[in-house]
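Student: Take this structure first; my questions come after.
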C-alpha cells in the first residue's frame, strides 16, 4: 500500500465512522425534554399526568418533568422541548389555576419573544360527565399554545387524552390510563422528530 | 241591591282591576336586574362594560349593576335576572381572573342547586388582534353559563360584542361601543321576555 | 240595581273572567311548535331525535315535527317556536349534511331578515368515542343559531344531549335516551316561557 | 509533516466535507409538498389561498398545489407533506363544502388507516364581520386535522390567517395578505422540519 492509497483508505474509514456517529446521535440519542404541567384537586388529573409521563418515558431518549402548574417556573418551560398540560374541567373549560398558569407566560416574557415557538404541545382533561367540557378544555389549551406558536398534536382519541371521573365512572380506568400513555408517547415522538429536523 | 250582592260586585270589580293592573305591570313595568361582571386591566373591557350597561338601561324597567368580577358576591348573581360577562383575551381565552370568577360558583353552591338556571346570559371580549381568541372567549363564557343551565343570547355581531384594541385599532371605537350597547339591550330585552313568561 | 249598574257589573265580571281565562290559556295551553332536525346514517342520531321528541311532547301544549335535515323546508323553520338540531360527529364536528342545512338558511333569506330571531335552540350529537367532537358539534350548532339571534339552551348534561355509540358503547343506552328526553323537555319549556313572555 | 499527521489532516478534511454535504442535502434539498385546499364563492378565500401559496413557495424546496376542495383527490392528500385548508365563514363555521371535503376522508379510507398522520396542517378563513366565526372555522379545521393525527400549526396571528371581507373592510387588504403569506411560510417550514426529522 503506497502513501496515497493509505491516506484515502483511512480518510474513508474516518468519514464512514463520523457519519455513523452523527446519525446514531441524531436518531438514537437525541435527548428530548417533556414537561407535564397539571392541576389536580381530587387526584384524578394527577393520575392522568402520571400516565402521560409513563408514555413519554417509554420513548428512548426522553426525560420527563412532572409539575403542578403552580410550581412551574419560566425556566422549566424554556428548557423543555414539549409541554403537555392537564386540567380538571371546571364549568366547561380549564380551571382558573391552569388559565392563570398560561397568563403568567406574559409576565415571564415567553409570549413577546415567542420563546415557546416550535415546542410541541399536547393536552389532557378530566371531567365528571361525558360531554361536559373536556373537549373545550383541550381545545382551549391548544389555543393558548397556538397563540405562542407551539406545534400541537393530539393523542389516540379525538383531540387529547380525557377521562370521565364522575359517579357513573369514578377514577381513571385502564382505558383512560392507556389513552394518557398514548398521548405522552405521541408528544415525545413528535418532539424528537421536530428536534431532529431542527438540528440538521 | 242587597249587601251580599254589593260585596260580590265590589269583589269582582277589585279582581278585574287587580288583574288588569298585574297585566300592565308585567307588560310595561316588569323590573329586570342585569348584572354586568367584567375584568379589565387597561380600561378597554371596562369601557365595553359601560356600553353594555348603557344598552341595558335603555330598556324600560331595567336596573343595572356593574361590577369587577373580583367584587361580585354570590347574592349579586342570584338576585339578577341576567348576567353579562366581559373579559380581555389572554392567550386565546378569558383571563384567569374571569375563569376563577366562574369557578367560585361551585364554592357558592350556585351550580349544585342550579341557582343560575333560566337567567339570561351574554358575553363580550376585547383583544389586541382580530382573530386572536375573542370568539373563543365569548364561546367559553357561554359554555360556563350553559353548564349552569342559563339561557344564552348573542348580540348584533356573531356571538357577543367584541372590540379589537391592539396597535392597529387602539381603544374602543364607535362601532365597537354600538355593539356593546346592542348586546346590553338584547340581554335586557330577552331577560324581560323570559321573566314575563315565567311570572304568568 | 238599575240597568246601567247592572251592565257595568256584568261587564266587569266578564272582564275579570276573560282575563282569568286568558291567563289560564297563556299558562297551560300556549301552543308551542318544536322542530327537530337531524342527520342520521346508522340510526343512532335518529333514535336520539326520537328521545328529544318524546321529551318535548311531554310538555303540555307542545307539538313536535321530526324531520331529516334534507327534508326541512324554510316554512318548517319559520313556523316553529324552537329548533333542536342533531348530528353524528364526523371528524370532530357536525356532518357536511347538517352544515349544508344551516348554509341553506342564507338561500332561504332566514338570516338577512333574522327570521329565526328569538326562537329557542338546542342541540344533540352522537359519536363513536367519548371526546371525539360531540362537544364541538353541539357548540358549532349553537354558533350557527346565535349568529341567527336564536336563544340557546343546554340540556341536563354539559351543553346538549350526547351519546357515545362506538364499539365500547354501541347504540343509545337508557342514560343517553334520558338525556335526549331531558333536552326535548328543556327546549319546549323555555320556548313556552319565551312565547308567553312575547305575547304579553 | 510526518505520515501520521498528514493522514489525520486529510481524514479530518474529508470528514468535514462529507458532513457538510450531508447537511446541505438534508437542509437545502428536502422537497416538501404543500397542498392548499379551499372553497371560495366570492373570490376572497381564493385570494387568501394564493397568499398562502406565495408564502409556502418562498421556502426553498417547497412545491405547492392549489386546489378547490371539490377538486382534491385522495392522492393529492396522501402525496402531500402539509395541508392548509381555507373556508369562508358560513354561519359561524366552515362552509358545508369544506366540511363535506373532510367527510370524504372517511370514504377515501384516510382516517381508518391514519394516512394523514404526521402531515402538518394549517387553516385560514374569511368572514364578513370581525368576530363572526373565523376563529371557530379555523379551530374546527384543526379539530378535523387532529382527529386524523395531523400536526397543527398557527400563523402569525392567533390561530390561522383570517380576513374580514364585509362592507366595513371589503376584499383582502395588504395586512391580511401578509398574514396569509406568513401562514404559508410557517406551514412549509414546519413541514420541512418534520420531514427532515422523520427521514433521519
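Chains as they are written, first to last, in this note's numbering: chain A, 1 to 200; chain B, 1001 to 1200; chain C, 2001 to 2200; chain D, 3001 to 3200. Every residue gets a Cβ at the ideal spot worked out from N, C-alpha and C, and that includes glycine. No experiment lies behind these values; they were computed from the predicted model shown.
Might you give, ordered along the chain, the residues of its own chain that have their beta carbon closer than 8 angstroms to the beta carbon of residue 151/A, omitting 5 neighbours on each side?
Tutor: To locate residue 151/A, count along the first chain from 1; it is residue 151. Closer than 8 angstroms at Cβ, skipping near neighbours: 118, 119, 120, 121, 190 and 194.
Student: Residues of chain A with CB under 8 angstroms from residue 1090/B, in chain order?
Tutor: Counting from 1 along the second chain, the entry for residue 1090/B is found at position 90. What residue 1090/B touches in chain A: 99, 102, 103 and 106.
Student: For residue 2031/C, does the count of other Cβ atoms within 10 angstroms reach 16, so buried, or fall short, so exposed?
Tutor: Position 31 of the third chain, counted from the first residue, corresponds to residue 2031/C. Exposed, by the Cβ-count rule.
Student: Is it buried or exposed for residue 2107/C, if we count other Cβ within 10 angstroms and need 16 for buried?
Tutor: Translated into the one-based positions of the third chain, residue 2107/C becomes position 107. By the neighbour-count rule (16 or more Cβ atoms within 10 Å), residue 2107/C is not buried but exposed.
Student: Give a yes or no on whether the C-beta atoms belonging to residue 3143/D and residue 2136/C are separated by under 8 angstroms.
Tutor: Position 143 of the fourth chain, counted from the first residue, corresponds to residue 3143/D. Position 136 of the third chain, counted from the first residue, corresponds to residue 2136/C. Yes, the Cβ-Cβ distance between residue 3143/D and residue 2136/C is below 8 angstroms.
Student: Under 7 angstroms between beta-carbons, which chain B residues line up against residue 2159/C? List them in chain order, please.
Tutor: Residue mapping note: residue 2159/C aligns to position 159 of the third chain, counting from 1. Near residue 2159/C (Cβ distances below 7 angstroms), the residues of chain B are 1143 and 1146.
Student: If you measure between the beta carbons of residue 2049/C and residue 2065/C, is that distance less than 8 angstroms?
Tutor: Looking up residue 2049/C in the third chain gives position 49. Looking up residue 2065/C in the third chain gives position 65. It is not a contact, given that the beta carbons lie outside the stated cut-off.
Student: Give the interface partners of residue 3136/D over in chain B, defined as CB-CB distance under 9 angstroms, in chain order.
Tutor: Position 136 of the fourth chain holds residue 3136/D. Per Cβ cutoff of 9 angstroms: 1135, 1136, 1139, 1158 and 1159.
Student: Taking CB distances under 8 angstroms as the criterion, tell me whether residue 1130/B reaches chain D.
Tutor: Reading the second chain from its first residue, position 130 is the one you call residue 1130/B. Output row for residue 1130/B: interface = yes.
Student: For residue 132/A, which of helix, strand or coil comes out of DSSP?
Tutor: Here residue 132/A corresponds to residue number 132 of the first chain, with the count starting at 1. Coil.
Student: With DSSP collapsed to three states, give me the class of residue 70/A.
Tutor: Numbered from its first residue, the first chain carries residue 70/A at position 70. Residue 70/A falls in the helix class under three-state DSSP.
Student: Applying the 10 Å Cβ sphere with the 16-neighbour rule, what's the burial state of residue 112/A?
Tutor: Residue 112/A sits at position 112 when you count from the first residue of the first chain. Per the 10 Å Cβ criterion, exposed.
Student: Have a look at 1192/B, 1167/B, 1076/B and 1041/B and flag the residue whose alpha-carbon is nearest the alpha-carbon of residue 1087/B.
Tutor: Numbered from its first residue, the second chain carries residue 1087/B at position 87. Checking every option, the nearest Cα to that of residue 1087/B belongs to 1041/B.
Student: Between residue 1196/B and chain C, is there a C-beta pair that is closer than 8 angstroms?
Tutor: Residue numbering aside, residue 1196/B sits at position 196 when the second chain is read from its first letter. Yes, because at least one Cβ of chain C sits closer than 8 angstroms to the Cβ of residue 1196/B.
Student: Counting C-beta neighbours from all protein chains within 10 Å, is the total for residue 1186/B 16 or more, i.e. buried, or is it exposed?
Tutor: Position 186 of the second chain, counted from the first residue, corresponds to residue 1186/B. The residue in question, residue 1186/B, is buried, as its Cβ has 16 or more Cβ neighbours within 10 Å.
Student: Should residue 1070/B be labelled buried (16 or more other beta-carbon atoms within 10 Å of its own) or exposed?
Tutor: Stepping through the second chain from its first residue, residue 1070/B is reached at position 70. The residue in question, residue 1070/B, is exposed, as its Cβ has fewer than 16 Cβ neighbours within 10 Å.
Student: Would DSSP call residue 101/A helix, strand or coil?
Tutor: As a first step, residue 101/A is located in the first chain; it is residue number 101 there, counting from the start. Helix, per DSSP.
Student: Would you say residue 3070/D faces chain C, with C-beta separation under 8 angstroms as the test?
Tutor: Counting from one through the fourth chain, the residue named residue 3070/D turns up at place 70. It does not; no Cβ of chain C falls within 8 angstroms.
Student: At a Cβ threshold of 8 angstroms, is residue 1164/B touching chain D?
Tutor: Looking up residue 1164/B in the second chain gives position 164. Closer than 8 angstroms to some Cβ of chain D, the Cβ of residue 1164/B qualifies, so yes.
Student: Are the C-beta of residue 3093/D and some C-beta of chain C separated by less than 8 angstroms?
Tutor: Locating residue 3093/D in the fourth chain gives position 93, counting from the first residue. Answer yes: the Cβ-Cβ gap between residue 3093/D and chain C drops below 8 angstroms somewhere.
Student: Classify residue 2175/C: buried if its beta carbon has 16 or more other beta carbons within 10 angstroms, exposed otherwise.
Tutor: Residue numbering aside, residue 2175/C sits at position 175 when the third chain is read from its first letter. It counts as exposed.
Student: Looking at the strands, I want to know which residues DSSP matches up with residue 3193/D.
Tutor: To locate residue 3193/D, count along the fourth chain from 1; it is residue 193. Its beta-bridge partners do not exist; DSSP assigns none.
Student: Do you know offhand how far residue 2182/C's Cα is from residue 2188/C's?
Tutor: Here residue 2182/C is taken as the residue at index 182 of the third chain, counted from 1. Here residue 2188/C is taken as the residue at index 188 of the third chain, counted from 1. The alpha-carbon atoms of residue 2182/C and residue 2188/C are separated by roughly 10 angstroms.
Student: Using DSSP with H/G/I as helix, E/B as strand and the rest coil, what is residue 2111/C?
Tutor: Here residue 2111/C corresponds to residue number 111 of the third chain, with the count starting at 1. Coil, per DSSP.
Student: Using a Cβ-Cβ cut-off of 8 angstroms, state whether residue 63/A counts as contacting chain D.
Tutor: As a working mapping, residue 63/A is identified with position 63 in the first chain. Judged by the 8 angstroms Cβ criterion, residue 63/A is not in contact with chain D.
Student: For residue 3096/D versus residue 3124/D, is the C-beta spacing smaller than 8 angstroms?
Tutor: Taking the first residue of the fourth chain as position 1, residue 3096/D is located at position 96. Taking the first residue of the fourth chain as position 1, residue 3124/D is located at position 124. It is not a contact, given that the beta carbons lie outside the stated cut-off.
Student: Which of the three DSSP states is assigned to residue 1025/B in this structure?
Tutor: For this step, residue 1025/B is matched to residue 25 along the second chain. Bear in mind that a pLDDT of 42 at residue 1025/B, under 50, signals an unreliable position, so the model cannot answer this.
Student: Can you find a CB in chain B that lies within less than 8 angstroms of the CB of residue 2154/C?
Tutor: Mapped onto the third chain, residue 2154/C falls at position 154. So, interface residue.
Student: Quick check: the Cα distance between residue 2146/C and residue 1145/B, rounded to an integer number of angstroms?
Tutor: Reading the third chain from its first residue, position 146 is the one you call residue 2146/C. Reading the second chain from its first residue, position 145 is the one you call residue 1145/B. Rounded to whole angstroms, residue 2146/C to residue 1145/B spans 14 angstroms at the Cα level.
Student: Does DSSP put residue 3142/D in a helix, a strand or coil?
Tutor: Position 142 of the fourth chain, counted from the first residue, corresponds to residue 3142/D. Helix.
Student: Taking C-alpha atoms, which residue in 178/A, 199/A and 101/A lies nearest to residue 56/A?
Tutor: Here residue 56/A is taken as the residue at index 56 of the first chain, counted from 1. If we check each option's Cα against that of residue 56/A, 178/A comes out closest.
Student: In the structure shown, what three-state DSSP assignment does residue 93/A receive?
Tutor: Counted from its first residue, the first chain places residue 93/A at position 93. Looking at residue 93/A - three-state DSSP - the assignment turns out to be strand.
Student: Beta-carbon separation of residue 2157/C and residue 180/A under 8 angstroms?
Tutor: Position 157 of the third chain, counting from 1, holds the residue named residue 2157/C. Position 180 of the first chain, counting from 1, holds the residue named residue 180/A. No, these two residues do not count as a Cβ contact at 8 angstroms.
Student: Thinking just about the alpha-carbon of each residue, which of 1184/B, 1196/B, 1169/B and 1199/B is nearest to the one in residue 1044/B?
Tutor: The residue labelled residue 1044/B in the question sits at position 44 within the second chain. Closest option to residue 1044/B, Cα to Cα, is 1169/B.
Student: Grouping DSSP H, G and I as helix and E and B as strand, with all else coil, what is residue 3079/D?
Tutor: In the fourth chain, the residue the question calls residue 3079/D occupies position 79. Coil, per DSSP.
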